[in-house]
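Novice:
Chains as they are written, first to last, in the numbering used here: chain G, 1 to 280; chain D, 1001 to 1280.
(1) Considering only the alpha carbon of each residue, which of G:154, G:209, G:5 and G:37 lies closest to residue 98 (chain G)?
(2) Please confirm whether residue 1227 (chain D) has its beta-carbon closer than 8 Å to some beta-carbon of chain G.
(3) Determine the direct distance from the alpha carbon of residue 1073 (chain D) to that of residue 1101 (chain D), and round the result to whole angstroms.
(4) Along the region 1122-1147 of chain D, where does the CB come closer than 9 Å to a CB of chain G? Name the residues.
(5) Our contact map puts residue 210 (chain G) next to residue 237 (chain G) with C-beta atoms below 8 Å; I'd like the distance itself, whole angstroms only.
(6) Let's test the definition: count the other Cβ atoms within 10 Å of the Cβ of residue 1269 (chain D) and tell me whether it reaches 16, buried, or not, exposed.
(7) How many angstroms separate the CA atom of residue 1276 (chain D) from the CA atom of residue 244 (chain G)?
(8) Hey, out of G:24, G:95, G:256 and G:201, whose CA is closest to residue 42 (chain G)'s CA?
(9) Just to check my reading of the structure: residue 1157 (chain D) and residue 1226 (chain D) have Cβ atoms closer than 8 Å, yes? What is that Cβ distance to the nearest angstrom?
(10) Quick one: which chain G residues come within Cβ less than 8 Å of residue 1155 (chain D)?
(11) Mind listing the chain D neighbours of residue 16 (chain G)? Cutoff is C-beta to C-beta under 8 Å, in chain order.
(12) Within 10 angstroms of the Cβ of residue 1231 (chain D), are there 16 or more other Cβ atoms? Answer buried if so, exposed if not.
(13) Does DSSP classify residue 269 (chain G) as helix, strand or coil?
(14) In chain order, what residues of the same chain lie with their CB nearer than 8 Å to the CB of residue 1047 (chain D), ignoring the 5 residues before and after it?
(15) Under the DSSP definition of a beta bridge, which residues are partnered with residue 1231 (chain D)?
(16) According to DSSP, which residues form a beta bridge with residue 37 (chain G)?
(17) Using alpha carbons as the reference points, say which of G:9, G:12, G:22 and G:7 lies closest to residue 273 (chain G).
(18) Is the separation between the beta-carbon of residue 189 (chain G) and that of residue 217 (chain G) shorter than 8 Å?
(19) By DSSP, does residue 131 (chain G) sit in helix, in strand, or in coil?
(20) My output table needs one value for residue 1148 (chain D): the three-state DSSP class, helix, strand or coil.
(21) Residues in the same chain with beta-carbon distance under 6 Å from residue 1167 (chain D), minus the five sequence neighbours each way, listed in chain order, please.
(22) Since residue 1154 (chain D) contacts residue 1003 (chain D) with CB under 8 Å, what's their CB separation in whole angstroms?
(23) Listing by chain order, which chain G residues have their CB less than 7 Å from the CB of residue 1186 (chain D)?
(24) Flag residue 115 (chain G) as yes if its beta-carbon sits less than 8 Å from any beta-carbon of chain D, otherwise no.
(25) Determine, using beta carbons only, whether residue 181 (chain G) and residue 213 (chain G) come nearer to each other than 8 Å.
(26) Check the DSSP bridge columns for residue 1091 (chain D) and list the partner residues they point to.
(27) Along chain D, in chain order, which residues have C-beta atoms closer than 9 Å to that of residue 105 (chain G)?
(28) Grab me the residues of residue 163 (chain G)'s own chain with a C-beta within less than 6 Å of its C-beta, minus the 5 sequence neighbours each way, in chain order.
(29) Just to make sure I have the definition right: I need the residues of chain G whose C-beta is within less than 9 Å of the C-beta of residue 1048 (chain D). Which are they?
(30) If you scan the region 179-211 of chain G from start to end, which runs of the beta strand (DSSP E) of 3 or more residues do you find wholly inside it?
(31) So the beta strand (DSSP E) residue 1110 (chain D) belongs to, where does it begin and stop?
(32) Against residue 166 (chain G), what residues of chain D qualify as contacts under a CB-to-CB distance less than 9 Å, listed in chain order?
(33) In whole angstroms, give me the CA-to-CA distance for residue 1034 (chain D) and residue 1215 (chain D).
(34) Would you say residue 250 (chain G) reaches chain D, if we count a Cβ-Cβ gap shorter than 8 Å as a contact?
(35) Bridge partners of residue 1004 (chain D), per DSSP?
(36) Hey, is residue 1174 (chain D)'s beta-carbon within less than 8 Å of any beta-carbon in chain G?
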């Protein structure tokens, strides 16, 4: 049995399926995603390029709105309001990080919930908690899809999540609670992290800390999901010491090629779901 | 040292302090809370009476809007919209349960977030998750206040919550995650519930199951918060076998007189916070 959960492969399958759905729209207008970028952050440029390319591959219209580094908060708000009321736009995402003079919370709050392709708005997150959403933050959405794809049981299973960010740890915890898992959320203050992790059926590391998860954190029956996206010694890597952990566990996602590709696929799926909500 | 956390006493302290704040408003209008009741549920009548009395005690105007059991969804929506736009009303709560022909989610969603005294709306819950709210579901709000009152440390502590409801377990988990606790949320499918609980520093039972938490669930250093509000053999009781657990643990809330009085005090505090947001 192959232990490695091939997120790249599954993301491509999802993209192909989405592409077919969009082709079948026939004469109707195509879904459209707008990405807002402020300034010219190097990493952002790369992420945005990947997102636009992914849109193109499945037939979603991707458009970049790039604003100057010194745009005023009030002007940015005005621009987003124009995009909110544009009926040809289904999804709007604000590429983070924003310059320090911009109030991030106000900006992400102002994106219309009906266009919240990133799933970061309070109303989307509240509905995620209430199990009443079909839009989810893209990374947790991708993780749950990977677990379902591999038919990994969640009901009654002990899931340990390392990390409590607004875009991964917390929404993911709520989603897995709603799926009847027993969920433990750890953070940098957690005592005996190693011992807590070692007892998990599913361990999800979203700590952003290279080599955090070693062989001492895992067991033979465990599924390990590595959400880390770190650079160490010039190399892209996750949170898990992959080679040594691979030998022990049942399933593991690699970095790259695990959670990463799923995140973009789920962003596209959110956009399509927002499109369908609008068209129905 | 007294082991029993006297929620009744602390709630009265909070109410006295709130009463003083409201008296100091002087000429300004007083805060106002409207309770919507559909039909004539026996338990609801009792809860509403308590809430109205609590309002009166602190100087909040409490008003009951009672509608017939067979009110139509559309008519109820219209009534709530009228209350939403009434500038003299600060808080609106919909007393649950609603009759089965009413769509509860639509009704609670329609209450304006700026008047969401119960803290049940998606946007409030999303902001609770994001740690950006000053309104919280009243029961979790009361629990956190009790822990703070007793100066019980949360940072890095192992908190176990039994129960994952929308009004207690899930919002409470998010609030304690934001306070840097290591939080485990259990449900009826959890394996080895007893063992998981036994290792907690703080155990919070919101299962609604009398006598669930026995001496085998606890340890000497533990704080036990009993959120149960059950009737067994005609007697009001919590989830915890109080007498036997009391002997072992460090702190415990009684039922009645623990979490219950705090819930109403926090509903009043939410109403006052909504009032202040409007007046400022």
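The beta carbon of each residue, even a glycine, is placed where N, CA and C say it ideally should be.
Bear in mind the structure is a predicted one, so any value in this text is a computation, not a measurement.
Specialist: According to the structure data:
(1) G:37
(2) no
(3) 8 Å
(4) 1122, 1123, 1124, 1125, 1126, 1127, 1128, 1129, 1130, 1131, 1132 and 1133
(5) 5 Å
(6) buried
(7) 56 Å
(8) G:95
(9) Residue 1157 (chain D) to residue 1226 (chain D), Cβ: 18 Å. No contact.
(10) 189
(11) Near residue 16 (chain G) there are no residues of chain D at all, since even the closest Cβ is about 33 Å away, more than 8 Å.
(12) exposed
(13) helix
(14) 1095
(15) D:1236
(16) G:66
(17) G:22
(18) no
(19) coil
(20) helix
(21) 1137
(22) Rounded, the Cβ-Cβ distance is 19 Å, inconsistent with contact.
(23) 182
(24) no
(25) no
(26) D:1033
(27) 1130 and 1132
(28) 169, 206 and 207
(29) Chain G residues near residue 1048 (chain D): none, gap ~24 Å exceeds 9 Å.
(30) 182-186 and 202-205
(31) Residue 1110 (chain D) -> not in any beta strand (DSSP E); alpha helix (DSSP H) instead, spanning 1104-1110.
(32) 1129, 1130 and 1131
(33) 42 Å
(34) no
(35) D:1252
(36) yes
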